[in-house]
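Trainee: Residue numbers (the working numbering): 675 to 982.
Beta carbons are placed, not taken as given, at the ideal position from N, Cα and C, and that holds for glycine.
(1) So, for residue 780: in the same chain, excluding its five sequence neighbours on each side, which residues have a beta-carbon less than 8 Å away from its beta-carbon?
(2) Distance, Cα to Cα, residue 683 vs residue 913?
(3) Cα separation between residue 931 and residue 740?
(4) Please state whether DSSP places residue 853 in a helix, a strand or coil.
(5) Indicate the three-state DSSP secondary structure (helix, strand or coil) for residue 877 in the structure shown.
(6) For residue 964, does the count of other Cβ atoms within 10 angstroms reach 16, so buried, or fall short, so exposed?
(7) When the Cα atoms are used, what is the spatial distance from residue 679 to residue 735?
(8) Give the DSSP-derived three-state secondary structure of residue 884 in the structure shown.
(9) Whole angstroms is fine: what's the gap from residue 915's alpha carbon to residue 764's?
(10) Can you tell me whether DSSP reads residue 776 as helix, strand or coil?
(11) Residues in its own chain within less than 7 Å of residue 933 by CB, not counting five upstream and five downstream?
(12) Contact between the region 750-758 and the region 863-880: three or more CB pairs below 8 Å?
(13) Taking 8 Å as the cut-off, does the region 686-699 touch the region 710-723 (at least 3 CB pairs, one atom from each stretch)?
(14) Report the three-state DSSP secondary structure of residue 793 (helix, strand or coil).
(15) Measuring alpha carbon to alpha carbon, tell me which of 744, 921, 722 ends up nearest residue 877.
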């Protein structure tokens, strides 16, 4: 089997483990087979959240910076009647309410949470305040003042009424969006109290449940000699290509001469291409991703080079 691998493994993260736990376990699984290689995830999931956690391996780690704007899709439940310190099931109850909104009342306020909105992130979050994580200050009982942040919600809808006091939603939003904050704010808008009792990320850009694999299933595959010795099967069934997360970046086919100049750091004039100033492009040479470049001042400038 090849010593190195390059691409993405889209992990379906289980509950009660951290994103860093996933990376640690992957290293333990992959290094003995493929050798040491860079590994990193493209977006943290809290331990109480499950779902899509794309993990970049090898050359794919170079693309993470270009995927930070991916839209995220979550399914989550709001349990009405209580507000909690962490805005999720793990926190202490800090407020109670007898008001349990009807489905019609919830649907009436949903439009106000669509488009550009302002959110105050939960005090138990990783945001830094004067260099200290907010959750650390909160755990120490110190006052936490977090300024509102602008986010964008593309879709928000009710999926089902789980029970009298619990409702399931789906939301699609930009990076930096806090599901716990919108759950808290929806409940408050309805003169109630609420927290996230269930949270699952079902998509991160092109990475979805359909192309995800659990750590347990991956471990079984890698420990099965008939499959672990077949790199082609691993590549086609599990390992997504380095370019998988770059769907929003247009590709340019370059000849060997143009490609080599770009790889050497030279700026070139892209004759025959109609390009947008300031835009990023993939450079494809001999069917392989070679570089990511930026078009400015009439020239293509190399931003990242790949060795595939």
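Mentor: Judging by the given coordinates:
(1) Start at 1 with the first residue of the chain shown, and residue 780 comes out as number 106. These residues qualify, in order along the chain: 832, 841, 860, 864.
(2) Locating residue 683 in the chain shown gives position 9, where the first residue counts as 1. Locating residue 913 in the chain shown gives position 239, where the first residue counts as 1. About 5 Å.
(3) Within the chain shown, the letter at position 257 stands for residue 931. Within the chain shown, the letter at position 66 stands for residue 740. Cα to Cα, the separation comes out at about 26 Å.
(4) Counting from one through the chain shown, the residue named residue 853 turns up at place 179. Residue 853: helix per DSSP, three-state reduction.
(5) Along the chain shown, read from residue 1 onward, the residue named residue 877 stands at position 203. Reduced to three states, the DSSP call for residue 877 is strand.
(6) As a first step, residue 964 must be located in the chain shown, where it is residue number 290. Answer is buried; the Cβ neighbour count reaches 16.
(7) Sequence index remark: in the chain shown, residue 679 carries index 5 (1-based). Sequence index remark: in the chain shown, residue 735 carries index 61 (1-based). Taking the straight line joining both Cα atoms gives about 11 Å.
(8) Taking the chain shown and counting its residues from 1, the one referred to as residue 884 is at position 210. In the structure shown, residue 884 sits in a helix (DSSP, three-state: H, G or I).
(9) Locating residue 915 in the chain shown gives position 241, where the first residue counts as 1. Locating residue 764 in the chain shown gives position 90, where the first residue counts as 1. Whole-angstrom Cα-Cα distance: 37 Å.
(10) In the chain shown, counting from the first residue as 1, residue 776 sits at position 102. The answer is coil: DSSP assigns residue 776 none of H, G, I, E or B.
(11) Counting from one through the chain shown, the residue named residue 933 turns up at place 259. Closer than 7 Å at Cβ, skipping near neighbours: 957, 959, 964.
(12) yes
(13) yes
(14) Numbered from 1 along the chain shown, position 119 holds the residue referred to as residue 793. Strand.
(15) For the purposes of this step, residue 877 is identified with residue 203 of the chain shown, where counting begins at 1. The shortest C-alpha separation from residue 877 is found at 744.
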